[in-house]
Amino acid sequence: MKKWIIVLSIIVLAFCGLLIKVYLSALDPVKTAETKAVSRAQGKISLKEVDDFHIYNGIETVNVIEGKSKNGDKIIVWMPEKSKEIIVRKAKNGLTKEEAIQKLQQEKSPKKIISVRLGMEKNIPLWEIYYRSNNNLINYYYVHFDTGEWLKKIENL
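Using my numbering, you'd call the opening residue of the sequence shown number 2 and step up by one each time.
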(Lines of atoms letter the chains of each structure in order from A and count residues from 1; the text may use other names and numbers.)
(Lines give C-alpha, C1' and ligand atoms only; values in the text may rest on other atoms or scores of the structure.)
Protein backbone atom coordinates (compact mmCIF):
# COMPACT_ATOMS: atom_id res chain seq x y z
CA MET A 1 0.00 0.00 0.00
CA LYS A 2 2.87 2.40 0.80
CA LYS A 3 4.34 1.83 -2.66
CA TRP A 4 1.07 2.90 -4.31
CA ILE A 5 0.91 6.07 -2.24
CA ILE A 6 4.52 6.92 -3.09
CA VAL A 7 4.02 6.21 -6.82
CA LEU A 8 0.78 8.21 -6.88
CA SER A 9 2.48 11.12 -5.06
CA ILE A 10 5.33 11.13 -7.58
CA ILE A 11 2.86 11.12 -10.49
CA VAL A 12 0.88 14.03 -8.98
CA LEU A 13 4.06 16.04 -8.34
CA ALA A 14 5.32 15.39 -11.87
CA PHE A 15 1.96 16.47 -13.31
CA CYS A 16 1.99 19.68 -11.21
CA GLY A 17 5.54 20.40 -12.36
CA LEU A 18 4.51 19.92 -15.98
CA LEU A 19 1.56 22.30 -15.56
CA ILE A 20 3.82 24.96 -14.04
CA LYS A 21 6.30 24.59 -16.92
CA VAL A 22 3.52 24.96 -19.51
CA TYR A 23 2.15 28.04 -17.73
CA LEU A 24 5.56 29.73 -17.55
CA SER A 25 6.24 28.90 -21.21
CA ALA A 26 2.93 30.50 -22.17
CA LEU A 27 3.97 33.73 -20.42
CA ASP A 28 7.33 33.98 -22.24
CA PRO A 29 6.03 35.77 -25.39
CA VAL A 30 4.27 38.41 -23.28
CA LYS A 31 7.36 38.98 -21.15
CA THR A 32 9.50 39.25 -24.30
CA ALA A 33 7.07 41.76 -25.83
CA GLU A 34 7.09 43.77 -22.60
CA THR A 35 10.88 43.88 -22.49
CA LYS A 36 11.09 45.05 -26.12
CA ALA A 37 8.32 47.63 -25.65
CA VAL A 38 9.84 49.09 -22.48
CA SER A 39 13.26 49.27 -24.11
CA ARG A 40 11.79 50.97 -27.19
CA ALA A 41 9.84 53.44 -25.03
CA GLN A 42 12.82 54.32 -22.85
CA GLY A 43 14.82 55.09 -25.98
CA LYS A 44 12.30 57.74 -27.06
CA ILE A 45 10.62 59.08 -23.91
CA SER A 46 11.49 59.62 -20.27
CA LEU A 47 9.96 56.44 -18.83
CA LYS A 48 11.18 55.89 -15.26
CA GLU A 49 8.85 53.19 -13.93
CA VAL A 50 6.45 50.65 -15.45
CA ASP A 51 3.25 49.97 -13.50
CA ASP A 52 1.38 47.87 -16.07
CA PHE A 53 1.85 46.40 -19.52
CA HIS A 54 -0.59 44.69 -21.83
CA ILE A 55 -1.03 43.88 -25.49
CA TYR A 56 -4.15 45.21 -27.21
CA ASN A 57 -5.29 43.24 -30.26
CA GLY A 58 -7.75 45.32 -32.24
CA ILE A 59 -7.40 46.35 -35.87
CA GLU A 60 -3.67 46.19 -35.19
CA THR A 61 -1.57 44.96 -32.28
CA VAL A 62 -0.61 47.72 -29.85
CA ASN A 63 1.63 47.51 -26.79
CA VAL A 64 0.32 49.66 -23.94
CA ILE A 65 2.51 50.73 -21.02
CA GLU A 66 1.24 52.54 -17.94
CA GLY A 67 3.97 54.05 -15.82
CA LYS A 68 5.69 57.15 -14.52
CA SER A 69 7.91 59.64 -16.28
CA LYS A 70 11.19 60.83 -14.80
CA ASN A 71 9.45 63.87 -13.32
CA GLY A 72 6.87 61.65 -11.55
CA ASP A 73 3.85 62.15 -13.82
CA LYS A 74 1.68 59.11 -14.51
CA ILE A 75 1.86 58.47 -18.25
CA ILE A 76 0.38 56.05 -20.74
CA VAL A 77 2.32 54.92 -23.81
CA TRP A 78 0.74 53.32 -26.90
CA MET A 79 3.10 51.64 -29.37
CA PRO A 80 1.70 49.97 -32.49
CA GLU A 81 3.85 46.97 -33.40
CA LYS A 82 4.03 47.77 -37.11
CA SER A 83 4.68 51.48 -36.72
CA LYS A 84 7.61 53.45 -35.35
CA GLU A 85 5.22 56.03 -33.88
CA ILE A 86 4.84 56.21 -30.12
CA ILE A 87 1.87 58.03 -28.58
CA VAL A 88 2.30 59.32 -25.03
CA ARG A 89 -0.35 60.96 -22.86
CA LYS A 90 -0.34 62.10 -19.25
CA ALA A 91 -2.93 60.01 -17.43
CA LYS A 92 -4.45 63.10 -15.80
CA ASN A 93 -5.21 64.62 -19.23
CA GLY A 94 -7.44 61.73 -20.29
CA LEU A 95 -10.35 59.68 -19.08
CA THR A 96 -9.79 57.44 -16.08
CA LYS A 97 -10.99 53.85 -16.01
CA GLU A 98 -13.81 54.84 -13.65
CA GLU A 99 -14.91 57.70 -15.92
CA ALA A 100 -15.01 55.34 -18.91
CA ILE A 101 -17.18 52.90 -16.94
CA GLN A 102 -19.44 55.76 -15.88
CA LYS A 103 -19.81 56.79 -19.54
CA LEU A 104 -20.95 53.26 -20.40
CA GLN A 105 -23.40 53.16 -17.50
CA GLN A 106 -24.96 56.45 -18.58
CA GLU A 107 -25.78 55.02 -21.98
CA LYS A 108 -26.28 51.31 -21.27
CA SER A 109 -27.16 49.21 -18.26
CA PRO A 110 -24.53 46.47 -18.20
CA LYS A 111 -25.26 43.34 -16.19
CA LYS A 112 -21.56 42.67 -15.57
CA ILE A 113 -18.43 44.50 -16.68
CA ILE A 114 -15.86 41.86 -17.51
CA SER A 115 -12.84 44.00 -18.39
CA VAL A 116 -11.78 47.56 -19.05
CA ARG A 117 -8.47 48.18 -20.77
CA LEU A 118 -6.58 50.71 -22.78
CA GLY A 119 -6.09 50.24 -26.50
CA MET A 120 -5.69 52.12 -29.74
CA GLU A 121 -7.29 51.95 -33.17
CA LYS A 122 -6.49 54.17 -36.16
CA ASN A 123 -4.04 56.12 -33.96
CA ILE A 124 -6.84 57.00 -31.50
CA PRO A 125 -6.15 56.09 -27.86
CA LEU A 126 -9.23 54.50 -26.33
CA TRP A 127 -10.79 52.53 -23.52
CA GLU A 128 -12.27 49.15 -24.48
CA ILE A 129 -15.03 48.00 -22.13
CA TYR A 130 -16.06 44.36 -22.44
CA TYR A 131 -19.35 43.60 -20.70
CA ARG A 132 -22.43 41.39 -20.59
CA SER A 133 -25.86 42.88 -21.16
CA ASN A 134 -29.00 41.93 -19.23
CA ASN A 135 -29.83 39.25 -21.81
CA ASN A 136 -26.35 37.75 -21.10
CA LEU A 137 -24.90 38.69 -24.51
CA ILE A 138 -21.31 39.91 -24.98
CA ASN A 139 -20.78 43.57 -25.87
CA TYR A 140 -17.84 45.92 -26.49
CA TYR A 141 -17.99 49.67 -25.94
CA TYR A 142 -15.14 51.95 -27.06
CA VAL A 143 -14.58 55.40 -25.51
CA HIS A 144 -12.05 57.99 -26.74
CA PHE A 145 -9.32 58.39 -24.12
CA ASP A 146 -8.83 62.13 -24.68
CA THR A 147 -12.38 63.40 -25.17
CA GLY A 148 -14.60 60.76 -23.56
CA GLU A 149 -16.67 60.49 -26.71
CA TRP A 150 -18.19 57.20 -27.78
CA LEU A 151 -16.21 55.75 -30.71
CA LYS A 152 -17.95 52.48 -31.53
CA LYS A 153 -20.02 49.66 -30.12
CA ILE A 154 -20.11 45.98 -30.88
CA GLU A 155 -23.28 44.56 -29.42
CA ASN A 156 -25.13 41.30 -28.88
CA LEU A 157 -22.47 38.73 -29.69
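Glycine included, every Cβ here is placed at the ideal spot set by N, Cα and C.
Residues that DSSP places opposite residue i in a beta bridge
i, result
"TYR57", "VAL63"
"VAL144", "TRP128 and TRP151"
"LYS113", "ARG133"
"LYS44", "According to the sequence as given, residue 44 is Gly; it is not Lys. According to DSSP, GLY44 bridges with nothing at all."
"MET121", "PRO126"
Buried/exposed call for residue i, threshold 16 Cβ in 10 Å
i, result
"ASN135", "exposed"
"PHE16", "exposed"
"ILE66", "buried"
"ILE130", "buried"
"LEU138", "exposed"
"GLY44", "exposed"
Opening and closing residue of the alpha helix (DSSP H) in which residue i lies
i, result
"PRO81", "First-last for PRO81: 75-81, but that is the beta strand (DSSP E), not the alpha helix (DSSP H)."
"ALA92", "Where ALA92 is concerned, there is no enclosing alpha helix (DSSP H), given that its DSSP letter is neither H nor E."
Presumed contact (8 Å Cβ cut-off) between residue i and residue j, rounded CB distance
i, j, result
"VAL117", "LYS98", "5 Å"
"ASN72", "ALA34", "No, ASN72 and ALA34 are not in contact; Cβ-Cβ is about 27 Å, not under 8 Å."
"LYS113", "TYR132", "6 Å"
Range of the contiguous beta strand (DSSP E) that encloses residue i
i, result
"ILE87", "That residue, ILE87, is in no beta strand (DSSP E); it is neither H nor E in DSSP."
ask   = Do three or more CB pairs link the segment 117-129 to the segment 58-71 at distances below 8 Å?
value = Result yes; three or more Cβ-Cβ pairs closer than 8 Å.
inquiry  = Under 8 Å, with one C-beta from each stretch per pair, do the segment 32-49 and the segment 83-90 reach the 3-pair mark?
reply    = yes
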